[in-house]
Every structure is written in C-alpha cells, then in structure tokens.
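The block underneath contains the structure these notes are about, expressed in structure tokens.
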Amino acid sequence: MTLDEALHAMTTRLSSIDWERHGDKAWSKAALLKEYFRRAARWSAVYACDAPGPFFDIAACVDPAVRADQRVIDDLVEKLAIGRGGWNVKQVAPFILHWTALRATPDFLLPEELEDPFEPLILLFERGGSFHTENGEVNLEWKSVSMRGWRKRADDPPMPSFDPEILDEIDREGSIAQFGYVIERLE
C-alpha cells in the first residue's frame with residue numbers, strides 16, 4: 004500500500020466512525036484504552052520518548068522525518084470539527100495519521116516486540132463515540148480511566164483479543180457488575 008493509499012484508508016476509517024456516545028460500550032472501551040496505554044508506554048520506553056501524557060506523536064519518536072501530509076491532517080480535523088469527535092479526538096487524529104505514514108514507509112518494520120500502538124484506540128472509537136479528558140482521567144461515559152501511571156502499564160499483560168464478541172462480553176459483565184443489569188444502547 005502506498006503512503007497516499009494508507010492515509011486515504013485511515014482518513015476514511017476515522018471519518019466513518021459514529022462519534023455519538025451510546026453508553027453501552029464503556030467497559031470494553033476502558034479495556035481498549037488501557038491496552039493503548041500499555042502499547043504507548045512500551046513504544047515510549049523503547050524509543051526514549053519523553054511525552055508527559057499517554058496521547059503523543061509516537062511516529063515522531065521513531066522517525067521524526069516521516070510525516071503525514073498536513074493537508075490530509077487539516078482535512079480530517081475539519082471533518083471531525085463538524086460536531087463530531089470532540090477536542091480530544093482532533094488532538095489525537097494527527098498522531099494516528101503520522102503513525103499511518105510511518106507504517107506505509109517502505110523501509111519501516113514494526114519491531115517484533117512492539118504492537119501497533121494506535122489500533123486499540125481506533126477500535127475504542129469504532130465502538131461508539133469519543134472520549135474526553137479531565138482532571139487526569141479519560142471519561143468514557145460510565146467509566147473513567149486514570150492517565151496517571153500510564154507508563155507503568157508497559158509490563159501489563161497484553162489484551163488477549165480484540166474480537167467483537169469478547170469486547171461485547173466485557174461490556175455485559177462490566178454493566179452487570181456496575182449496575183446489576185445490562186445497559187442498552189442509547190439512541
């Protein structure tokens with residue numbers, strides 16, 4: 004896949020997300036966010052990134068010379084600004100596009116010990132809606148995940164599966180544990 008094809012595929016993927024919050028996927032989204040933190044922490048450690056928070060330009064740490072075209076970034080951010088995604092998504096989207104550009108670079112090989120850092124975050128978005136950060140936490144509707152100590156997650160065990168059925172089961176169990184019943188999707 005060429006750089007242009009990869010960026011087009013990612014902008015299409017991000018642009019097609021339903022950014023409305025529906026309330027029924029908070030627990031799987033929290034699990035996916037923790038997996039993103041784990042992966043970001045591992046990339047940060049291997050490439051000595053000094054980012055203060057978990058949402059940062061990982062591609063710039065790996066190879067600062069590889070960048071997504073600014074026009075592609077601006078176009079996506081403009082689409083996300085039209086009542087979709089929210090401020091935090093617009094902040095993270097350029098990092099995802101720079102990562103996509105790095106992955107499309109012919110001589111770039113994903114190190115065996117590291118996984119794609121942004122895939123869990125993109126899956127989180129695809130499960131419905133965005134998130135917002137406040138007071139050191141990421142708010143995911145019924146769940147919040149602390150950003151403090153995100154680097155300590157580097158040695159956490161990896162999430163075993165991104166299978167939608169397993170993610171749905173995480174939501175079912177989390178909803179029952181928190182509320183005593185399964186939360187229905189809010190329209």
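For the sequence shown, the working numbering gives the first residue as 4, with consecutive numbering after it.
We put the CB at the ideal spot given by N, CA and C, even for glycine.
Quick one: is the Cβ of residue i within less than 7 Å of any heavy atom of the ligand MG?
i, result
"Pro123", "Only the bare structure without any ligand can be found here, which leaves the ligand MG out of the picture."
Taking the C-alpha atoms as reference points, what is the distance between residue i and residue j?
i, j, result
"Val65", "Asp53", "12 Å"
"Leu105", "Trp90", "24 Å"
"Ala107", "Ala43", "19 Å"
"Val92", "Trp22", "10 Å"
"Asp78", "Ala68", "21 Å"
"Arg45", "Ala157", "5 Å"
"Thr14", "Ser133", "16 Å"
"Arg188", "Trp145", "13 Å"
"Glu190", "Arg24", "9 Å"
"Ser1", "Arg74", "Absent from the model: residue 1. The displayed extent of the chain is 4 to 190, so no value can be given."
"Met150", "Arg175", "24 Å"
"Pro114", "Ser19", "30 Å"
"Ala48", "Leu117", "11 Å"
Suppose the cutoff is 6 Å on Cβ atoms and the five residues either side in sequence are ignored; what does the same chain contact list for residue i look like?
i, result
"Lys32", "Leu127, Arg130 and Leu143"
"Asn138", "none"
"Val148", "Ala33, Leu36 and Val141"
Please state whether DSSP places residue i in a helix, a strand or coil.
i, result
"Asp7", "helix"
"His167", "In the sequence as presented, His is not what sits at residue 167; that position holds Pro. The answer is helix: DSSP assigns Pro167 an H, G or I state."
"Glu190", "coil"
"Val92", "helix"
"Lys28", "coil"
"Arg16", "helix"
"Gly177", "helix"
"Cys52", "coil"
"Ala68", "coil"
Looking at residue j and residue i, is the spacing between their C-beta atoms short of 8 Å?
i, j, result
"Phe76", "Pro97", "Sequence check: residue 76 is Ile here, not Phe. Their beta carbons are under 8 Å apart, which means Ile76 touches Pro97 by this criterion."
"Ile186", "Asp27", "yes"
"Leu10", "Asp60", "no"
Within a Cβ cutoff of 7 Å, which residues of the same chain sit near residue i, ignoring the five residues on either side of it in sequence?
i, result
"Leu83", "Val92, Lys93 and Ala96"
"Arg70", "His101 and Ala104"
Tell me which residues share the same chain as residue i and place their Cβ nearer than 8 Å to its Cβ, disregarding the 5 neighbours each side in the sequence.
i, result
"Asp171", "Ser31"
"Trp153", "Phe40, Ala43, Ala44, Gly56 and Pro57"
"Tyr184", "Ser178"
Can you find a CB in chain D that lies within less than 8 Å of the CB of residue i?
i, result
"Ile76", "Judged by its chain identifiers, the structure shown contains no chain D, having just a single protein chain."
Counting only runs that start and end within the stretch 101-161, where is the alpha helix (DSSP H) found for 4 or more residues in a row? Counting only runs of 4 or more, we get 122-129.
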